[in-house]
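Novice:
Residue numbers (the working numbering): 7 to 485.
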């Protein structure tokens, strides 16, 4: 049972509800808050113009809705905005979106009728999912996704899974429900958590490569990182010392006076990614608990405000930074893979081959890694360099946070493949020249990989190994 209160939702809660069968309820105080906001905005709407309730939307903001057409105005808004296109959103994404929208409504700033909160909680608990499309937002409100969801709750669209009895949606509910970036936030939350886990796993994979390559411990020394103490960098170096058993001991020197950048610069490159993901998580935590609807009902002020909380520049720029830093980290993984197949670094056969002359070993892994890295490079390009002018010039800027979130999910998928290639090569190398891992925490990672991956070193297909290695990264993140 998960209780939504509009104030304390965490990114981990979003993933749990998205991926597991969790019963959802709404906190009683949050329901009272939503009911009070609905009564307040209903009263104010009878005495003054309020955008989207007594007026049109967008460039139609100056058009007043006459009393005769007011009852159907909300339905027309939902129908006209339910124009999503492209693929249907995956189930986990839709559940995450519904939970975030429910939590935002529970914050009490929308003025939507409390029955909407109950309906969303019932849908999540019963497993009912609306049929919503992926394409239709530019970072200033997920209007198409939420309009399709609203019409589904009202009984005008079929459910993709399950079913709920239709609920009435009046003029006051339409824009109040649509005025959110819940779908974009859902994708961003799931991408953020995936990237965080992959960054944690990359410490473990890098430590295995370090053992194979006989790395130098000087690059991770406490004194080195105290001299330039960026938080993420300091933490990364400490993680490498922990995994490699350097804490409280004098580690053996490396094979070289200086290692290639893949090992030597790992904290300096991984650190910015860790910091960028931490900032992204903070942005997301604010957004998923925000009263961001336009117009916003303020119970404290007893008033309604028109504003621009729908603009997602914070999220778009945070996602751009996160993807760019992760791309740099993935480049280092591909570089270490190149070191692992080079005899001068490993004292092993070229490409870790084990067979007659001309055997290819893991040669193909470099091609796979650089294919995935090229894909990651494309989705790491910033979305915030473009904009859009829509609705007859009234809405003259866009963040494209939706595209940034979409690309973050793709970045996580590509980065996972790059790391999987390095992991397969490192474990194979440790089989070919066993190292003393007995007293190292990273030994647990090797044991897990050793029990999962194929030990055969003759030339063979690697597709199954790469699939298993990619899945294993989730476990390695906890070592």
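We put the beta carbon where it would ideally sit given N, CA and C, even for glycine. In this text, all values refer to a predicted model and were calculated from it rather than measured experimentally.
From the DSSP secondary-structure annotation, give me the bridge partner or partners of residue 169.
Specialist: BP columns for residue 169 are empty, so no partner.
Novice: Which class does residue 267 belong to by DSSP, given the choice of helix, strand or coil?
Specialist: Reduced to three states, the DSSP call for residue 267 is helix.
Novice: Can you list, in chain order, the stretches of the alpha helix (DSSP H) that have 4 or more residues and sit fully within the segment 364 to 428?
Specialist: Qualifying alpha helix (DSSP H) stretches, in chain order: 369 to 385.
Novice: Taking just the CA atoms, how far does residue 290 sit from residue 486?
Specialist: Missing from the structure shown is residue 486; the chain here goes from 7 to 485 and no further.
Novice: Using the C-alpha atoms, what's the distance from residue 322 back to residue 4?
Specialist: Past the edges of the chain, shown from 7 to 485, lies residue 4, and the structure says nothing about it.
Novice: For residue 296 and residue 13, what's the separation of their Cα atoms in angstroms?
Specialist: Going by the C-alpha atoms only, they are around 8 angstroms apart.
Novice: Start and end of the alpha helix (DSSP H) containing residue 156?
Specialist: Residues 149 to 159.
Novice: Might you give, ordered along the chain, the residues of its own chain that have their beta carbon closer than 6 angstroms to the beta carbon of residue 356, omitting 5 neighbours on each side?
Specialist: These residues qualify, in order along the chain: 349.
Novice: Residues in the same chain with beta-carbon distance under 7 angstroms from residue 280, minus the five sequence neighbours each way, listed in chain order, please.
Specialist: 205, 238, 241, 242, listed in sequence order.
Novice: Please report the straight-line C-alpha distance between residue 4 and residue 485, rounded to a whole angstrom.
Specialist: This structure cannot speak to residue 4, because the chain is shown only from 7 to 485.
Novice: Specify the secondary structure class of residue 48 as computed by DSSP and reduced to three states.
Specialist: Helix, per DSSP.
Novice: What three-state label does DSSP hand residue 463 in the structure shown?
Specialist: Coil.
Novice: Per the DSSP calculation, residue 256 is bridged to which residue(s)?
Specialist: According to DSSP, which records beta bridges pairwise, residue 256 is partnered with nothing at all.
Novice: Three-state secondary structure (DSSP) at residue 442?
Specialist: Note: residue 442 maps to coil in three-state DSSP.
Novice: Might you give, ordered along the chain, the residues of its own chain that have their beta carbon closer than 8 angstroms to the beta carbon of residue 80, omitting 5 neighbours on each side?
Specialist: Counting only Cβ-Cβ distances below 8 angstroms, and skipping sequence neighbours, we find 175, 176, 177, 178, 179, 180, 181.
Novice: Looking at residue 210: is its Cβ nearer than 8 angstroms to the Cβ of residue 436?
Specialist: It is not a contact, given that the beta carbons lie outside the stated cut-off.
Novice: First and last residue of the alpha helix (DSSP H) that includes residue 103?
Specialist: Residue 103 -> alpha helix (DSSP H) spans 97 to 112.
Novice: Specify, as a first and last residue, the run of the beta strand (DSSP E) that residue 29 falls within.
Specialist: That residue, residue 29, is in no beta strand (DSSP E); it is neither H nor E in DSSP.
Novice: Helix, strand or coil for residue 135? Go by DSSP, reduced to three states.
Specialist: Reduced to three states, the DSSP call for residue 135 is strand.
Novice: Any contact between the segment 427 to 434 and the segment 189 to 197? By contact I mean 3 or more CB pairs, one from each, below 8 angstroms.
Specialist: No, because fewer than three Cβ pairs between the segment 427 to 434 and the segment 189 to 197 fall closer than 8 angstroms, the two stretches do not touch.
Novice: According to DSSP, simplified to helix, strand and coil, what is residue 350?
Specialist: In this structure, residue 350 counts as helix in the three-state DSSP scheme.
Novice: Determine contact between the segment 374 to 386 and the segment 148 to 160, defined as no fewer than three beta-carbon pairs at a distance below 8 angstroms.
Specialist: Too few Cβ pairs lie closer than 8 angstroms, so no.
Novice: Of all the options 98, 110, 373, 368, which has the alpha carbon lying nearest to the alpha carbon of residue 15?
Specialist: With distances taken between Cα atoms, residue 15 lies closest to 110.
Novice: Report the three-state DSSP secondary structure of residue 309 (helix, strand or coil).
Specialist: Of the three classes helix, strand and coil, the one that applies to residue 309 here is strand, per DSSP.
Novice: Just tell me which of 26, 316, 327, 344 has its CA closest to the CA of residue 285.
Specialist: Residue 327 is the option with its Cα nearest to residue 285.
Novice: Assuming residue 389 and residue 409 are in contact, meaning their beta carbons sit under 8 angstroms apart, how far apart are those beta carbons, in whole angstroms?
Specialist: At roughly 5 angstroms, the Cβ-Cβ gap stays under 8 angstroms, so residue 389 and residue 409 are in contact.
Novice: Excluding the five sequence neighbours on either side, which residues of its own chain have a C-beta within less than 7 angstroms of the C-beta of residue 402, listed in chain order?
Specialist: Closer than 7 angstroms at the Cβ level, and outside the excluded window around residue 402, lie 395.
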